[in-house]
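In order, the protein sequence lines correspond to chains Z and D.
Last residue of the first sequence: 859 in my numbering, with the numbers rising by one and none dropped.
Last residue of the second sequence: 595 in my numbering, with the numbers rising by one and none dropped.
Here a beta-carbon is modelled for each residue, glycine too, at the ideal position from N, C-alpha and C.
Source: prediction; values computed, not measured.
Notes follow the structure.
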Amino acid sequence: MDSKLKVDWIKCDGYGLCGDLAPELIDLDEWHYPIIPTGSIDRGLLYAAQRAVDCCPMKALTLVPLSADERKAS
Amino acid sequence: MITTGSAQRLLDGPGPATGAERFDAHLARLGPVPSHVARELIPSLEASGLLGRGGAGFPVGRKWRALAERRGGKAVVLANGAEGEPASHKDRILMASRPHLVLDGAILAADAIDADEIVFYVGMEHETATAAMRRAIEERRAEFRRTVRLVLAPIGYVAGEASAAVHYVNSGDARPMTTPPRVSERGVHGRPTLVQNVESLAYAALIARMGERWYRSAGREASRGTALVTVTGTGRNDGVREIELGTTVGDIAASAGIASSAVQAVVIGGYFGTWAPARAIWDLPLDPAILTTQDLTFGCGVIGLLSNGVCGVAATAQIVAYMAKESAGQCGPCLYGLRSLGEATTRVADGQGAPHELADIERWTRQIPGRGACHHPDGAVQLMTSALNVFGDEFVHHASTGRCSVTGNRIAAA
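Okay, here's the thing in structure tokens:
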């Protein structure tokens, strides 16, 4: 099942751990809020993505399945 | 205030200057709200092509159908008259002059989707509209057969956003919520909720009486019907008017006594809108379907004319700074991003911009969109991006020389 990263922006407080843990996936802006990729996560990066999700102190970052429309588009 | 025109439907009858239409006058003019339609109104709304008038332009019939076909208990109707957009006046004018049309629409919606509560959510700063709605509700108390209440929306741009409206009614906090769940699934009291702009509801009340063919008989282009718009930047002739969809920007300006040669740019859709050069847009029909092809949106129907003597960079800075201030402050990219965008744009407008400022502004316009619980940051960035397209040379001129070529002066920054 293809997955993507999703941020709950109300929960996210800009700790920036996700960007430190998975820099190959997640950029941080100058306020340490994540800039995440839009599409599905490459299989080889899923472990890094999951680690970033697990370490988010606000539980704001999640891995979610792509919607049917997104699967079609990708 | 301008209310003349050939396409008077929502504002048909006595002019707004005469105040709110009383219930007996409303009945004498239009007859009672049809009581037999209930769900039968939904196919009629779908066939009419009526689009929501709160800004997003979602088809009204489809929205009602989705709620009517839900599983589970009773629904709630939230009639949205918050109108936090500072440039828009159409909702407050409609509520202040035709409150019973709004009530009719809300009752019809409640019948159609099986709702046992109606909340009228009216911007607290719109005092005339609030008084008119309050009196109209009291005039018809016996008729409702369900809970009906008036909730005053707090002042603020995002208070009218659908999830913020529901949040406020539920808990007194007018900040948007993370979706899903959508308010149509879990809204007021956790129940399925139809959040519908007051103009959309008023139009539904006319379609219930006159039918979809009547609705479709107005309109100059593909999109049918009439719409309330707010015209600004004309000087003395600013105000709300009802237009046939497809009326051109030039027609509207001309009827306000403004010549094309006097206008350099137009912002369509208000603070959440898009700038376009006057010459490119003058003959463009105000038709949601046509505007979309030009990367413009009808939004809440604000037509802002920027005359030749006013600096577009300064006008943009003012809007973006306002949008930054109106961030609910829940999401970092909106809170910090819009603040930085507003401050940098203001410095450039004031001739105080540092060399890197324009590059920062462009980068933020790419970085901020899509990174918030609601679309507030997206709207502000859309306006900013269009300003860079339309006033790009002037932004560069301001940034590199500290001078404004529109006003011809070195900017009098304190």
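Inclusion of Cys481/D and Glu342/D in the CB contact set at 7 Å is not warranted, their separation being larger than that value. When beta bridges are read from the DSSP output, Tyr349/D appears opposite no residue.
Contact of Ala554/D with chain Z by beta-carbon distance below 9 Å involves Asp793, Trp794, Ile795. In this structure, DSSP gives Val430/D a helical state, which the three-state scheme calls helix. With a threshold of 7 Å between beta carbons, Tyr396/D makes no contact with chain Z.
Taking 7 Å as the threshold, the shortest C-beta distance from Gly337/D to chain Z does not fall below it. The beta-carbon distance between Leu790/Z and Pro822/Z, rounded to whole angstroms, is 7 Å. This is short enough to meet the 8 Å contact definition. Excluding residues up to 5 positions away in sequence, Thr526, Thr527, Ala530 lie with their Cβ nearer than 6 Å to the Cβ of Ala498/D in the same chain. When rounded, the separation of the alpha-carbon atoms in Val792/Z and Thr847/Z is 6 Å.
The stretch 249 to 262 of chain D makes contact with the stretch 299 to 314 of chain D, as at least three CB pairs between them are under 8 Å. By the criterion of a C-beta distance shorter than 6 Å, Asp292/D is surrounded in its chain by Ala219, once the five residues flanking it on both sides are discounted. According to the DSSP assignment, Glu524/D belongs to the alpha helix (DSSP H) that extends over 513 to 530. Shown here for Thr328/D: same chain residues with a beta carbon closer than 6 Å to its own, the five before and five after excluded, namely Glu298 in chain order. With contacts defined as CB atoms closer than 7 Å, Ala386/D and Gly265/D fail to qualify as a contacting pair.
Three or more Cβ pairs closer than 8 Å define a contact, and the stretch 360 to 373 of chain D falls short of that threshold against the stretch 269 to 283 of chain D. Secondary structure remark: continuous beta strand (DSSP E) runs of at least 3 residues inside the stretch 238 to 289 of chain D, in chain order: 256 to 262. For the stretch 507 to 524 of chain D, the residues whose beta carbon sits under 7 Å from a beta carbon of chain Z are, in order, Gln511, Cys512, Gly513, Pro514, Tyr517.
If you compare the alpha carbons of Ser581/D, Ala323/D, Cys515/D with that of His537/D, the shortest gap goes to Ser581/D. Chain D has no Cβ within less than 7 Å of the Cβ of Tyr800/Z.
Using a CB distance below 7 Å, the part of the stretch 806 to 835 of chain Z facing chain D consists of Asp814, Trp816, Tyr818, Ile820, ordered along the chain.
Asn570/D counts as exposed, since fewer than 16 other beta carbons sit within 10 angstroms of its beta carbon. Assignment of Asn378/D by DSSP, reduced to helix, strand and coil, places it in the strand class. Within 10 angstroms of the beta-carbon of Ala845/Z lie 16 or more other beta-carbons, which makes it buried. Contact with chain Z is found for Gln548/D, since one of that chain's Cβ atoms lies less than 7 Å from the residue's Cβ.
Think of a sphere of 9 Å around the beta carbon of Thr359/D: the chain Z residues whose beta carbon falls inside it are Asp793, Trp794, Ile795, Lys796, in chain order. In the structure shown, Ala495/D adopts helical secondary structure according to DSSP, grouped into three states.
Here the alpha carbons of Val483/D and Gly238/D stand approximately 14 Å from one another. The C-beta distance from Gly406/D to Leu211/D rounds to 17 Å, too long to fall under 8 Å, and the pair is not in contact. Where Phe479/D is concerned, there is no enclosing beta strand (DSSP E), because DSSP gives it neither an H nor an E.
With a cut-off of 8 Å on Cβ pairs, the stretch 469 to 479 of chain D is not in contact with the stretch 513 to 524 of chain D, counting fewer than three such pairs. With fewer than 16 other CB atoms across the displayed protein chains lying within 10 angstroms of its CB, Gly254/D is exposed. Excluding five sequence positions before and after Phe325/D, the CB atoms of its chain that fall closer than 8 Å to its own CB belong to Ile288, Ile299, given in chain order. Look at the beta carbons and you see the stretch 189 to 197 of chain D touching the stretch 421 to 428 of chain D: at least three pairs across the two are nearer than 8 Å. Pairing Cys585/D with Thr474/D, the inter-Cα distance amounts to about 32 Å.
Sequence-distant Cβ neighbours of His207/D in its own chain, meaning closer than 6 Å and more than five residues away, are His281.
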